[in-house]
Amino acid sequence: MTVKVNNLNWKIGGEAGYGILSAGEIFAYACAHGGLETFAYLEYPSLIRGGHNTYQVLVREDNVQSHSSQVDLLVALNKETIDRHLTEVVKDGALVYDSNEKDLRDYVCSRADAGCLGVPLEDLTKQAGGEKVMRNMVAVGVSFGLVKYPYDFIVELIDQVFSKKGAKMVQLNQAAAKAGYDYAQTNFAEKFDYQLKVKLNKDQRMLINGNEAIALGAIKAGLKFYAAYPMTPATSILHYLVAQERDYKLVVKQTEDEIAAMNMVVGASFAGVRSMTATSGGGFALMSEALGLAGMTECGTVVVIAQRPGPATGLPTWTEQGDLRFALHAGQGDFPRVVLAPGDPEECFYMTFQAHNLADKYQLPVIVLTDKYMAEARQTVPFFNTESLKLDRGELADTSKLSADARFARYAMTPSGVSQRSIPSQPGGVFAVNSDEHDDTGMANEEADTRQAQMDKRMKKLQALRSEIQEPVKLYGPKEAEVTLVGWGSTKGPILEAMKKSKNINFLQIRCLEPFPVKEVDTVLRQAKRRVLIENNYSGQLGGLIRERTGIDITDKFLKYDGRPIHPEEIITYVNS
């Protein structure tokens, strides 16, 4: 049998409380630190304890952009993991299970075409001086022992993960991992035909998820105020920024609810600082009134919506792309906004930076749409190139040209629709501000001509915006192809992975949903021979938007809405059907 080198999909499963997250992250980071391309994805229920949790890590020699439904090495800390996932194991793959588990002591594997390796995880943990809860580290050690990966990388990562719990805890977990590593090499030396080797990588790479990339993009853009109420899957943005608060002189506020968060963000923008909030669909519903306030007062704000399945509470810890229409139309009446949809952590960083520039320059709300899959999945990417990134604060009033004797014309008519803005306490920059329609100085005004003029002024911003958006669409693959896949957001990774195993296919990624890139989309789709819409929602919301803006109706659709991300294999099967 040929040994497969640096091509492994590893998956561990068990109850919440079994250390699935820490085991998965140690495995993922150990691979990434060894120069291997890594994609890591966690699934968990909305429970503190119990339920079924999995963490899978896809490792390759070359670039990897999504997870896979085909598992090479499955690690089961309980029987439920076997019952749910054994069918995912490929031929010649392997199952590692805890032979100390009550339900697994007499386990007989149903897969004759895969290795079934019983390991006394609890016994090995105790022999190493640890407790049952450390079985996860024994399992990690067994996994790396099977693939003959250098043990030093595990030691390093365990030290990083457990250092806050003290030196003794670090030592115990390292001893548990070593016990598993030695057991695998002694007992299963030739029973698994996969191997991971350290790769010398000239380029600096990092393992990062979408939420962390968004937080870093905001910091680079000069973020100074962040307010949010915790809501999965956006919460880790709050956690990350809290940890960076002192180093970057941020004000980070956990509010009593999403209403307060959005109002604070609008207020911070009015006060002259770059501000941001993040939430999911249910929280954004509470923000919609204050989003309209940002539209009326022309306060540049950034809102991140990390989508999850609805309606109502829906599936809090799962993924979907069901809030596209909501993001486009939330608020009262018509007002300009930008809706951006990054497709991976790199785009999360750069497009969040761009979102802050656009919010300030055009004085409007900018929404960054992600989802649970992109928010929490980790991927190796190059270090961000920040040399060309420049802050653009837009039209700021010059104090030397203002008069203290006249009210400042904050909403003056201009060819672009963008007026100069002043900062509170700026001499000569005083104006009225409220949620009513107003004249150019901000005073409430209900006259028909004033209303029409101010509406036209606000909406005029979209004309200039269209030329400002960087790469509103991207086309991957050959310019002409038999099949053109169309998608947005987190479907990018699975689509690009599917394309690696398919011929004569290209992919139109739509990265800006408002203002919609009509010309660019129309040009590609009019030339397409077969158009296939790929979306993680029930109604094909992007498809409806394309039909509305271009007149092109994509009837060939692969839609998935069970809360799970789209697998590359599902795309391949659908396209070939």
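Numbering (my numbering), first residue to last: 1144 to 1720.
We treat Cβ as the ideally placed atom computed from N, Cα and C, and that holds for glycine.
Please read these numbers as outputs of a predicted model, since none were measured by experiment.
Checklist entry - Which whole-angstrom value describes the C-beta separation of Ala1547 and Pro1570, a residue pair presumed to lie in contact below a C-beta threshold of 8 Å? => result Residue mapping note: residue 1547 aligns to position 404 of the sequence shown, counting from 1. Residue mapping note: residue 1570 aligns to position 427 of the sequence shown, counting from 1. So it is a contact: roughly 6 Å between Cβ atoms.
Checklist entry - Per the contact definition of three or more C-beta pairs closer than 8 Å, is the segment 1360 to 1372 in contact with the segment 1481 to 1497? => result yes
Next on the checklist: I need the straight-line Cα distance from Ser1578 to Gly1309, nearest angstrom please.
Outcome noted: For the purposes of this step, residue 1578 is taken as the residue at position 435 of the sequence shown. For the purposes of this step, residue 1309 is taken as the residue at position 166 of the sequence shown. Going by the C-alpha atoms only, they are around 53 Å apart.
Checklist entry - Alpha carbon to alpha carbon, how far is Gln1652 from Asp1699? => result Within the sequence shown, numbered from 1, the residue matching residue 1652 stands at position 509. Within the sequence shown, numbered from 1, the residue matching residue 1699 stands at position 556. Near 17 Å, if we compare the C-alpha coordinates of Asp1699 and Gln1652.
Checklist entry - Measuring from the CB of Lys1635, is there a heavy atom of the ligand MG at a distance below 7 Å? => result In the structure shown, the ligand MG is absent, as is every other ligand, since no ligand is present at all.
Checklist entry - Taking the C-alpha atoms as reference points, what is the distance between Leu1483 and Leu1501? => result Here residue 1483 refers to the residue found at position 340 when the sequence shown is read from its first residue. Here residue 1501 refers to the residue found at position 358 when the sequence shown is read from its first residue. If I take the Cα positions, the gap works out to 11 Å.
Checklist entry - In three-state terms, what does DSSP make of Lys1515? => result In the sequence shown, residue 1515 corresponds to position 372, counting from 1. Three-state DSSP puts Lys1515 in a helix.
Next on the checklist: My assumption, with CB atoms under 8 Å, is that His1195 sits in contact with Glu1231. Please give the rounded CB distance.
Outcome noted: Counting from one through the sequence shown, the residue named residue 1195 turns up at place 52. Counting from one through the sequence shown, the residue named residue 1231 turns up at place 88. Between Glu1231 and His1195 the Cβ distance is about 14 Å, and since that is not below 8 Å, they are no contact.
Checklist entry - By a C-beta neighbour count over all protein chains shown, 10 Å radius and 16 as the cutoff for buried, is Phe1526 buried or exposed? => result Looking up residue 1526 in the sequence shown gives position 383. Classified as exposed, Phe1526 has fewer than 16 neighbouring CB atoms from the shown chains inside 10 Å of its CB.
Checklist entry - Residue range of the alpha helix (DSSP H) that Ala1433 falls in? => result Working through the sequence shown from its first residue, we reach residue 1433 at position 290. Ala1433 -> alpha helix (DSSP H) spans Gly1424 to Thr1440.
Checklist entry - CA-CA distance, Phe1492 and Gly1167? => result Residue 1492 sits at position 349 when you count from the first residue of the sequence shown. Residue 1167 sits at position 24 when you count from the first residue of the sequence shown. If you take the alpha carbons of Phe1492 and Gly1167, they lie about 24 Å apart.
Item to check | 6 Å CB neighbourhood of Gly1160 in its chain, flanking five on each side removed | outcome: Here residue 1160 is taken as the residue at index 17 of the sequence shown, counted from 1. Contacts found: Arg1192.
Next on the checklist: Taking the alpha carbon of Ala1319 as the reference point, which residue from Asn1649, Asp1592 and Pro1263 has its own alpha carbon closest?
Outcome noted: For this step, residue 1319 is matched to residue 176 along the sequence shown. Among Asn1649, Asp1592 and Pro1263, the Cα nearest to that of Ala1319 is on Pro1263.
Checklist entry - On the premise that Gln1338 lies in contact with Val1103, defined as a C-beta separation below 8 Å, what is that separation, rounded to the nearest angstrom? => result Outside the modelled stretch of the chain, which goes from 1144 to 1720, sits residue 1103, for which no answer is possible.
Item to check | Paired residues, beta bridge with His1581 - DSSP | outcome: One-based indexing of the sequence shown puts residue 1581 at position 438. Its beta-bridge partners are Ala1587.
Item to check | Whether Ile1448 touches Leu1507 by CB criterion (8 Å) | outcome: For the purposes of this step, residue 1448 is identified with residue 305 of the sequence shown, where counting begins at 1. For the purposes of this step, residue 1507 is identified with residue 364 of the sequence shown, where counting begins at 1. Contact flag unset, no.
Checklist entry - Does DSSP put Pro1508 in a helix, a strand or coil? => result In the sequence shown, the residue the question calls residue 1508 occupies position 365. In this structure, Pro1508 counts as strand in the three-state DSSP scheme.
Item to check | Which of helix, strand or coil DSSP assigns to Arg1203 | outcome: Numbered from its first residue, the sequence shown carries residue 1203 at position 60. The answer is strand: DSSP assigns Arg1203 an E or B state.
Next on the checklist: Which residues does DSSP list as the beta-bridge partners of Thr1181?
Outcome noted: Position 38 of the sequence shown, counted from the first residue, corresponds to residue 1181. Answer by DSSP bridge pairing, in chain order: Val1202.
Item to check | DSSP state of Phe1413 mapped onto helix, strand, coil | outcome: Residue 1413 sits at position 270 when you count from the first residue of the sequence shown. Residue state, collapsed to three classes: helix.
Item to check | Among Asp1503, Glu1490, Trp1461 and Val1509, the one whose alpha carbon lies nearest that of Arg1480 | outcome: On the sequence shown, residue 1480 is found 337 positions in, with the first residue counted as 1. Considering only alpha carbons, the answer is Val1509.
Checklist entry - When the Cα of Phe1413 is compared with those of Arg1536, Asn1316, Asp1582 and Lys1644, which residue comes out closest? => result Looking up residue 1413 in the sequence shown gives position 270. The shortest C-alpha separation from Phe1413 is found at Arg1536.
Checklist entry - Taking the C-alpha atoms as reference points, what is the distance between Glu1614 and Gln1475? => result On the sequence shown, residue 1614 is found 471 positions in, with the first residue counted as 1. On the sequence shown, residue 1475 is found 332 positions in, with the first residue counted as 1. Computed Cα separation, rounded: 29 Å.
Item to check | Cα-Cα separation between Ala1370 and Met1405, rounded to whole angstroms | outcome: The count along the sequence shown starts at 1 and reaches residue 1370 at position 227. The count along the sequence shown starts at 1 and reaches residue 1405 at position 262. If I take the Cα positions, the gap works out to 7 Å.
Checklist entry - Which residues share a DSSP beta bridge with Lys1342? => result Indexing the sequence shown from 1 puts residue 1342 at position 199. Answer is none; Lys1342 lacks a bridge partner.
Next on the checklist: Please report the straight-line C-alpha distance between Ser1211 and Glu1712, rounded to a whole angstrom.
Outcome noted: Translated into positions along the sequence shown, residue 1211 becomes position 68. Translated into positions along the sequence shown, residue 1712 becomes position 569. About 7 Å.
Checklist entry - Which one or two residues does DSSP pair with Leu1151 in a beta bridge? => result Locating residue 1151 in the sequence shown gives position 8, counting from the first residue. Partner residues in the beta bridge of Leu1151, as assigned by DSSP, are Val1202.
Checklist entry - If you draw a straight line from the C-alpha of Lys1334 to the C-alpha of Tyr1187, how long is it? => result Translated into positions along the sequence shown, residue 1334 becomes position 191. Translated into positions along the sequence shown, residue 1187 becomes position 44. Taking the Cα positions, Lys1334 is about 31 Å away from Tyr1187.
Next on the checklist: Less than 8 Å between the beta carbons of Tyr1516 and Lys1604, yes or no?
Outcome noted: By one-based count along the sequence shown, residue 1516 stands at place 373. By one-based count along the sequence shown, residue 1604 stands at place 461. No; because the gap between Cβ atoms is not below 8 Å, this pair is not in contact.
Checklist entry - Using DSSP with H/G/I as helix, E/B as strand and the rest coil, what is Arg1521? => result Reading the sequence shown from its first residue, position 378 is the one you call residue 1521. In the structure shown, Arg1521 sits in a strand (DSSP, three-state: E or B).
Item to check | Beta-carbon spacing of Arg1692, Val1667 below 8 Å | outcome: Here residue 1692 refers to the residue found at position 549 of the sequence shown. Here residue 1667 refers to the residue found at position 524 of the sequence shown. Taking 8 Å as the Cβ cut-off, Arg1692 and Val1667 do not qualify as a contacting pair.
Next on the checklist: Using only CA atoms, which one of Leu1534, Ala1470, Arg1674 and Asp1503 lies nearest to Pro1658?
Outcome noted: If you number the sequence shown from 1, residue 1658 lands on position 515. Closest option to Pro1658, Cα to Cα, is Ala1470.
Next on the checklist: For a test of the three-state rule: what should DSSP assign to Asn1647, helix, strand or coil?
Outcome noted: Your numbering for residue 1647 matches position 504 in the sequence shown. Reduced to three states, the DSSP call for Asn1647 is coil.
Item to check | Glu1554 versus Asp1583: straight-line alpha-carbon distance, rounded | outcome: Here residue 1554 corresponds to residue number 411 of the sequence shown, with the count starting at 1. Here residue 1583 corresponds to residue number 440 of the sequence shown, with the count starting at 1. As written in the sequence, residue 1554 is Tyr, which differs from the Glu given in the question. Straight-line Cα distance between these residues: approximately 4 Å.
Checklist entry - Using 8 Å as the threshold, is the segment 1632 to 1648 in touch with the segment 1592 to 1607, meaning 3 or more CB pairs across them? => result In short, these stretches do not touch, since the Cβ pair count stays below three.
Next on the checklist: Can you check which of these residues, Glu1663, Ala1575 and Leu1185, is closest to Ile1695 by C-alpha distance?
Outcome noted: The residue labelled residue 1695 in the question sits at position 552 within the sequence shown. If we check each option's Cα against that of Ile1695, Glu1663 comes out closest.
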